[in-house]
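Asks:
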Amino acid sequence: MADVQTIARHIPDRLESRGARLIKSWETLLVAVALAIFLVNSFASPYFLDPWNLSDATFNFTEKAMIAFAMALVIISGEIDLSVASIIALTSTVMGYAVQLGFDTPALVMIGLATGLLCGAFNGLLVTGLGLPSIVVTIGTMSLFRGLSFLILGDQAFTGYPASFSWFGQGYVWWVFSFEFCLFVLLAVIYGVVLHKTNFGRAVYAIGNNQTAALFSGVRVGRVKFVLFLLTGLMAAIASICLTARLGSTRPSIALGWELEVVTMVVLGGVNILGGSGTIPGVVLAALIMGMVTFGFGLLNVPGIVMSIFIGLLLISVIALPILYRRFRGRRSH
Amino acid sequence: MKLLLKNREMLLVVAIIALLILIAIRFPPFVAPGNLANVYNDTSILIILALGQMAVILTRCIDLSMAANLALSGMAAAMLNAAFPGLPVPLIILAAVALGAFLGSINGLLVWKLDIPPIVVTLGTLTIYRGLIFLISGGAWINAHQMSDAFKALPRATLLGFPLLSWLSLVIIAIMVVVMRRTPLGRAFFALGGNPHAAVYTGIDVGRTRFLAYCLSGMLAGLSGYLWVSRYAVAYVDIAAGFELDIIAACVIGGVSIAGGIGSVGGAVLGALFLGVIKNALPVINISPFAQMAISGTVIIIAVAVNARAEKRKGRVILRKAEAAHG
């Protein structure tokens with residue numbers, strides 16, 4: 000809590016130049032970290048620099064990153080959505096059910112997207128309509144959505160997806176560039192433009208910094224937040240389509256624990272967990288870093304759960320280090 | 000009736016009784032005293048954990064790492080027992096509680112000294128603690144035959160007809176009632192959650208109080224770790240995975256406000272019991288156990304909505320009183 004300010008505020012005579020700000024920015028640090036990991040990995044394993052291996056590695060993060068874009072907006076607006084992984088499970092289950100009824104690929108995609116939107120709308124209504132805290136609401140819906148998936152599937156699995164459906168998870172657009180990776184790039188650009196160049200994006204920042212002030216400046220806070228939850232549901236549905244197509248089967252435990260990885264990705268990308276600041280390029284870099292770490296460790300035969308220790312440490316240290324650095328500087332200058 | 004609805008504990012008691020009546024219609028033996036005692040015993044660990052979580056939530060924080068802490072402490076206790084079968088059980092329990100408290104204190108220190116948002120800290124330590132179990136155990140299971148008889152027998156031993164596990168949870172409830180209502184620390188939890196700024200001016204160290212809340216939840220998670228492992232007579236990486244949500248659900252159902260400052264020991268206990276009754280009743284009334292997750296999700300959402308309304312009503316009453324005083 001910043002209840003008691005111990006460090007006097009230092010007001011500079013002039014603002015730092017654009018270049019200086021760029022060098023000191025969070026994104027620059029992320030680029031440096033990404034380069035370092037890239038170098039370490041290419042020395043650690045001779046298989047790292049193979050284009051097809053790198054292409055395979057992108058599957059580690061593309062689906063999570065798609066959700067992370069929408070999650071970044073939600074977190075910037077001061078809310079959180081912990082139900083994303085469960086939306087993936089429910090969407091995948093509903094699509095699997097539709098396959099059993101004989102629906103084909105285009106219908107499956109529409110059904111999947113609609114399910115995700117419905118889940119997002121449900122979250123959005125509870126948070127904006129009833130004014131409930133999003134963290135508990137989405138803990139509840141996290142349990143509800145995955146619970147519905149368990150209720151439909153039990154200990155069974157849905158398989159038998161049409162061959163044309165699997166393209167979303169296994170297809171390549173050109174050379175080593177998979178459909179998922181291209182979609183990831185496209186979505187990154189769209190979200191970057193929406194957040195940084197549109198009125199909607201400014202409204203998201205405004206709400207995250209001061210909800211009351213935003214309301215009195217004419218921002219429709221409720222509506223914006225509702226749209227953000229809708230978007231998160233939609234992104235989870237898109238991720239679910241890609242993941243289901245890639246795996247070719249649905250179990251209720253699909254994407255278990257992804258919500259934590261998505262939030263880690265967003266926070267690692269420099270988005271303030273308390274809302275109000277953060278950028279899409281940061282999230283993209285964080286996705287690349289997490290993907291490369293996972294891939295590099297995988298090449299070195301490090302078990303997945305040990306990687307998760309690293310991700311956890313990364314999450315905490317990435318937030319702690321700037322705080323320690325600021326404190327250290329603050330002490331020195333006084 | 001209005002008075003009943005106003006009081007969260009009474010509302011929950013009524014809800015639990017209504018639930019029991021519904022179950023009894025479908026399957027009368029469920030409400031036999033012996034079976035109800037079994038249900039309580041089965042819910043004991045959840046009750047202990049919910050009480051720790053309540054202390055943390057009261058201070059406007061959250062502890063998502065409790066289940067991972069439980070699993071790590073439980074695994075450590077089981078490995079200690081497997082390596083030194085001669086070690087007295089109380090010593091092992093003490094070690095599990097100490098380890099739990101240590102893990103909790105890490106959360107607390109990060110929140111206190113570095114001002115990192117509690118949800119981020121415990122999200123991180125959740126994955127770290129889970130991963131550490133794999134590191135110390137190498138992914139192997141500790142099975143019943145590797146544990147000493149004394150280690151497994153303690154929670155099952157009966158005293159006056161009830162298992163020790165039930166008694167232990169009753170003792171913890173009693174201790175928590177005293178801590179929450181009769182000690183400066185308990186008052187500090189409530190004061191700090193109600194208004195952190197005001198708490199600072201009354202001389203409460205906000206960070207330190209939060210640190211102590213995390214130590215408390217860690218201790219209880221450590222204790223639950225031993226209880227869990229000895230009761231189910233197995234320890235592996237994924238025990239109690241996802242249980243952190245049940246713990247939070249118990250608190251939310253029990254009327255503990257996620258915004259801090261509101262809650263009671265009785266509420267948290269009843270919230271845990273409500274979940275426990277549902278969990279134990281589903282199989283006997285022929286509802287697929289797979290439905291449990293969806294049901295607890297629905298219950299959480301309803302409980303949050305009820306909480307929010309109750310909190311709003313409180314605000315209005317104060318305003319009306321103030322208006323009346325002015326007018």
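Just so you know, the sequences run in chain order A and B. Residue numbering for the first sequence follows numbering that gives the first Met the number 0, beginning at 0 and increasing consecutively. Residue numbering for the second sequence follows numbering that gives the first Met the number 0, beginning at 0 and increasing consecutively. Note that beta-carbon positions come from the ideal geometry of N, C-alpha and C, so glycine has one too. Every value quoted in this text rests on a predicted model; they were computed, and no experiment measured them.
#1: With contact counted as at least three CB pairs below 8 Å, one residue from each stretch, are the stretch 276-283 of chain A and the stretch 80-95 of chain B in contact?
#2: Using a cut-off of 7 Å between C-beta atoms, extract the partners of ARG145 of chain A located in chain B.
#3: Should the stretch 282-290 of chain A be regarded as contacting the stretch 95-110 of chain B, the criterion being three or more beta carbon pairs within less than 8 Å?
#4: Rounded to whole angstroms, what's the CA-CA distance from MET146 of chain B to GLY137 of chain B? Just pull it up for me.
#5: Go ahead and pull the three-state DSSP assignment for PHE83 of chain B.
#6: What residues in its chain sit with their C-beta under 6 Å from that of GLY192 of chain B, if we drop five residues either side in the sequence?
#7: Could you work out which residue in B:ASP148, B:GLY221, B:LEU71 is closest to ILE135 of chain B when comparing CA atoms only?
#8: Taking the alpha-carbon positions, what's the LEU323 of chain A to PRO117 of chain B distance?
#9: Quick one: give me the first and last residue of the beta strand (DSSP E) that TYR171 of chain A is part of.
#10: For ALA319 of chain A, return the contacting residues in chain B, with the cut-off set at a CB-CB distance below 8 Å.
#11: Under the assumption that ILE87 of chain A contacts GLY207 of chain A (Cβ atoms under 8 Å), give the Cβ distance between them as a whole number of angstroms.
#12: Can you pull the chain A residues whose beta carbon is under 9 Å from the beta carbon of ILE252 of chain B, in chain order?
#13: Applying the 10 Å Cβ sphere with the 16-neighbour rule, what's the burial state of ARG180 of chain B?
#14: In the DSSP assignment, find the alpha helix (DSSP H) that holds HIS144 of chain B and state where it starts and stops.
#15: Less than 7 Å between the C-beta atoms of ILE301 of chain B and ILE171 of chain B, yes or no?
#16: Would you kindly work out how many angstroms separate the C-alpha atoms of GLY380 of chain B and VAL264 of chain B, rounded to a whole number?
#17: Please report the distance separating the alpha-carbon of ALA271 of chain B from that of GLY224 of chain B.
#18: Quick check: the Cα distance between PRO251 of chain A and GLN155 of chain A, rounded to an integer number of angstroms?
#19: Leaving aside the five residues before and after PHE277 of chain B along the sequence, list all residues of the same chain whose C-beta is less than 8 Å from its C-beta, in chain order.
#20: Tell me which residue opens and which closes the alpha helix (DSSP H) that LEU28 of chain A is part of.
#21: Would you mind sorting ALA143 of chain B into buried or exposed? The rule is 16 or more other CB atoms within 10 Å of its CB.
#22: Are the C-beta of ALA235 of chain A and some C-beta of chain B separated by less than 7 Å?
#23: At the level of alpha carbons, what is the spacing between ARG293 of chain A and LEU299 of chain A?
#24: Just checking my contact of LEU121 of chain A with ILE110 of chain A at CB under 8 Å: how many whole Å lie between their CB atoms?
#25: In chain B, which residues lie with their C-beta within 7 Å of the C-beta of GLY153 of chain A?
#26: Take THR137 of chain A as the anchor and find which of A:SER82, A:PHE144, A:PRO161, A:TYR171 has the nearest alpha-carbon.
#27: Could you check which residue in B:ALA173, B:VAL268, B:THR126, B:ASN68 has the C-alpha nearest to that of TYR39 of chain B?
#28: Compare the Cα-Cα distances from ILE288 of chain B to each of A:GLY268, A:GLY170, A:ILE36, A:PHE149 and report the closest residue.
#29: Keeping to the same chain, check which residues put their C-beta closer than 8 Å to that of TRP111 of chain B; ignore five residues upstream and five downstream.
#30: Tell me which residues of the stretch 193-210 of chain A have at least one Cβ-Cβ distance to chain B shorter than 7 Å, keeping chain order.
#31: ALA307 of chain B by DSSP, collapsed to three states: which one?
#32: Taking the alpha helix (DSSP H) that GLU243 of chain B belongs to, which residues open and close that run?
#33: Comparing C-alpha positions only, which one of A:PHE309, A:TRP257, A:SER177 sits nearest to ALA84 of chain A?
#34: Who are the near neighbours of GLY185 of chain B in its chain, counting only those whose CB is closer than 6 Å to its CB and skipping five residues on each side?
#35: Go to SER76 of chain A, then tell me how far its alpha helix (DSSP H) extends in each direction, as first and last residue.
#36: Listing by chain order, which chain A residues have their CB less than 7 Å from the CB of ILE277 of chain B?
Replies: Let's see:
#1: no
#2: For the purposes of this step, residue 145 of chain A is taken as residue 146 along the first sequence, with counting starting at 1. By Cβ distance, chain B contributes MET292.
#3: no
#4: The sequence position of residue 146 of chain B within the second sequence is 147, counting from 1. The sequence position of residue 137 of chain B within the second sequence is 138, counting from 1. Counting only the Cα atoms, GLY137 of chain B lies some 18 Å from MET146 of chain B.
#5: Stepping through the second sequence from its first residue, residue 83 of chain B is reached at position 84. Residue state, collapsed to three classes: coil.
#6: In the second sequence, counting from the first residue as 1, residue 192 of chain B sits at position 193. Correct list, in chain order: LEU57, THR58, ARG59, GLY259, GLY260.
#7: On the second sequence, residue 135 of chain B is found 136 positions in, with the first residue counted as 1. When only C-alpha atoms are compared, the closest one is B:LEU71.
#8: Along the first sequence, read from residue 1 onward, the residue named residue 323 of chain A stands at position 324. Along the second sequence, read from residue 1 onward, the residue named residue 117 of chain B stands at position 118. Pairing LEU323 of chain A with PRO117 of chain B, the inter-Cα distance amounts to about 17 Å.
#9: To locate residue 171 of chain A, count along the first sequence from 1; it is residue 172. 171-173 is the extent of the beta strand (DSSP E) around TYR171 of chain A.
#10: Numbered from its first residue, the first sequence carries residue 319 of chain A at position 320. Near ALA319 of chain A (Cβ distances below 8 Å), the residues of chain B are LEU109, LEU113, ILE115.
#11: In the first sequence, residue 87 of chain A corresponds to position 88, counting from 1. In the first sequence, residue 207 of chain A corresponds to position 208, counting from 1. Contact doesn't hold; Cβ gap of about 25 Å is too wide.
#12: Within the second sequence, numbered from 1, the residue matching residue 252 of chain B stands at position 253. Here the premise fails: no neighbours, minimum Cβ distance about 10 Å.
#13: Here residue 180 of chain B corresponds to residue number 181 of the second sequence, with the count starting at 1. With fewer than 16 other beta carbons inside 10 angstroms of its own, ARG180 of chain B counts as exposed.
#14: Within the second sequence, numbered from 1, the residue matching residue 144 of chain B stands at position 145. Looking at the DSSP string, HIS144 of chain B is not in any alpha helix (DSSP H), and its letter there is neither H nor E.
#15: Sequence index remark: in the second sequence, residue 301 of chain B carries index 302 (1-based). Sequence index remark: in the second sequence, residue 171 of chain B carries index 172 (1-based). No, these two residues do not count as a Cβ contact at 7 Å.
#16: There is no way to answer for residue 380 of chain B, as the model of chain B reaches only from 0 to 326.
#17: Walking along the second sequence from the start, residue 271 of chain B turns up at place 272. Walking along the second sequence from the start, residue 224 of chain B turns up at place 225. So the alpha carbons of these two residues sit roughly 17 Å apart.
#18: For the purposes of this step, residue 251 of chain A is identified with residue 252 of the first sequence, where counting begins at 1. For the purposes of this step, residue 155 of chain A is identified with residue 156 of the first sequence, where counting begins at 1. Going by the C-alpha atoms only, they are around 8 Å apart.
#19: If you number the second sequence from 1, residue 277 of chain B lands on position 278. Looking at the sequence shown, residue 277 of chain B is not Phe but Ile. Same-chain partners within the cutoff: LEU18, GLN291, ILE294, SER295, VAL298.
#20: Locating residue 28 of chain A in the first sequence gives position 29, where the first residue counts as 1. Note, LEU28 of chain A: alpha helix (DSSP H), 25-43.
#21: Along the second sequence, one-based indexing puts residue 143 of chain B at 144. Flag for ALA143 of chain B reads exposed.
#22: Residue mapping note: residue 235 of chain A aligns to position 236 of the first sequence, counting from 1. Chain B contact via Cβ: absent.
#23: Residue mapping note: residue 293 of chain A aligns to position 294 of the first sequence, counting from 1. Residue mapping note: residue 299 of chain A aligns to position 300 of the first sequence, counting from 1. Correcting the residue type first, residue 293 of chain A is Thr in the shown sequence and not Arg. Those two C-alpha atoms are separated by around 10 Å.
#24: As a working mapping, residue 121 of chain A is identified with position 122 in the first sequence. As a working mapping, residue 110 of chain A is identified with position 111 in the first sequence. Here the sequence assigns Phe to residue 121 of chain A, which means Leu is not the residue at that position. Not quite, the Cβ-Cβ distance comes to about 17 Å (not below 8 Å), so this is no contact.
#25: Here residue 153 of chain A refers to the residue found at position 154 when the first sequence is read from its first residue. SER287, PHE289, listed in chain order.
#26: Along the first sequence, one-based indexing puts residue 137 of chain A at 138. Nearest option by C-alpha distance: A:SER82.
#27: Within the second sequence, residue 39 of chain B is the residue found at index 40, counting from 1. Closest by alpha carbon: B:VAL268.
#28: As a first step, residue 288 of chain B must be located in the second sequence, where it is residue number 289. It should be noted that the sequence gives Pro, not Ile, for residue 288 of chain B. Comparing Cα-Cα distances from PRO288 of chain B to each of A:GLY268, A:GLY170, A:ILE36, A:PHE149, the minimum goes to A:PHE149.
#29: Translated into positions along the second sequence, residue 111 of chain B becomes position 112. Taken in chain order, the residues that qualify are GLY206, ARG207, ARG209, PHE210.
#30: none
#31: Here the question's residue 307 of chain B lines up with position 308 in the second sequence. Reduced to three states, the DSSP call for ALA307 of chain B is helix.
#32: Residue 243 of chain B sits at position 244 when you count from the first residue of the second sequence. Element bounds for GLU243 of chain B: 242-252.
#33: As a working note, residue 84 of chain A is residue 85 in the first sequence. Ranking A:PHE309, A:TRP257, A:SER177 by Cα distance to ALA84 of chain A puts A:TRP257 first.
#34: Walking along the second sequence from the start, residue 185 of chain B turns up at place 186. So the qualifying residues of the chain are VAL178, MET179.
#35: One-based indexing of the first sequence puts residue 76 of chain A at position 77. SER76 of chain A -> no alpha helix (DSSP H), and no H or E assigned at all.
#36: The count along the second sequence starts at 1 and reaches residue 277 of chain B at position 278. The contacting residues do not exist; ILE277 of chain B stays about 12 Å from chain A at best.
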